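Numbered per this note's numbering, the sequence shown spans residues 697 to 839. The C-beta atom is built at its ideal place from N, Cα and C for all residues, glycine as well. The structure presented is a predicted model; accordingly, all values stated were derived computationally and were not measured.
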Amino acid sequence: TFDANDLYQGQNFSKVLSSLVALNKVTADIGLGSDSVCARPSSHRIKSFDSLGSQSLHSRTSKLFQGQYRSLDMTDNSNHQLVVRAKFNFQQTNEDELSFSKGDIIHVTRVEEGGWWEGTLNGKTGWFPSNYVREIKSNVGLL
697 TFDANDLYQG QNFSKVLSSL VALNKVTADI GLGSDSVCAR PSSHRIKSFD
747 SLGSQSLHSR TSKLFQGQYR SLDMTDNSNH QLVVRAKFNF QQTNEDELSF
797 SKGDIIHVTR VEEGGWWEGT LNGKTGWFPS NYVREIKSNV GLL
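(1) Tell me the rounded alpha-carbon separation between Pro-825 and Gln-777.
(2) Return the chain-ordered list of same chain residues with a C-beta closer than 6 Å to the C-beta of Asn-827, the five sequence neighbours on each side being excluded.
(3) Let's test the definition: count the other Cβ atoms within 10 Å of the Cβ of Val-717 and tell me whether it reaches 16, buried, or not, exposed.
(4) Between Phe-796, Val-779, Glu-791, which has its C-alpha nearest Asn-785's C-alpha?
(5) Does Phe-713 come out as helix, strand or coil in the three-state DSSP assignment?
(6) Applying the criterion that 16 or more other CB atoms from any shown protein chain within 10 Å of the CB defines a buried residue, is Ser-715 buried or exposed?
(7) I need the boundaries of the beta strand (DSSP E) containing Thr-789, first residue and last residue.
(8) Do Thr-816 and Ile-802 count as a contact pair if the criterion is CB distance below 9 Å?
Structure representation (structure tokens):
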């Protein structure tokens, strides 16, 4: 495994590359190739680079992890509320995640650089993969 900072700083590239190659092999062995964007995420897939290490998946909200990625709390920005539409179905695998169906409208409450965002749908708040949604521009209707 490698430290996410190695990737950002361009250090230990061979270690980063070998970790990603090993991860790619593992996901291919269980039938989850790069063409499975619509496939249901499983506990075998990484959620962000930090999960390659010994930290738990819940570390994205821990004090230790918060220093590794910049985040933007959308609730502090009253001028603009990021609203997204789901491109794919997503079924939560952890209790802090947000399940949704293709076409659902989600109000983003926090953006993380690690690829997971926090949002609200039907009164429930949770984390979801940012690559499963697309931003709705302000001039496009929500319906």
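So, from the listed chains and residues:
(1) Cα to Cα, Pro-825 sits roughly 18 Å from Gln-777.
(2) Once the five neighbours on either side are set aside, Asn-827 has no close Cβ partner at all.
(3) Counting Cβ neighbours within 10 Å, Val-717 comes out exposed, since fewer than 16 surround it.
(4) Considering only alpha carbons, the answer is Phe-796.
(5) The sequence shown places Leu at residue 713, not Phe. For Leu-713, the three-state secondary structure derived from DSSP is helix.
(6) The residue is buried, with at least 16 neighbouring Cβ atoms inside 10 Å.
(7) Careful: Thr-789 lies outside any beta strand (DSSP E) and carries neither H nor E.
(8) Contact: yes.
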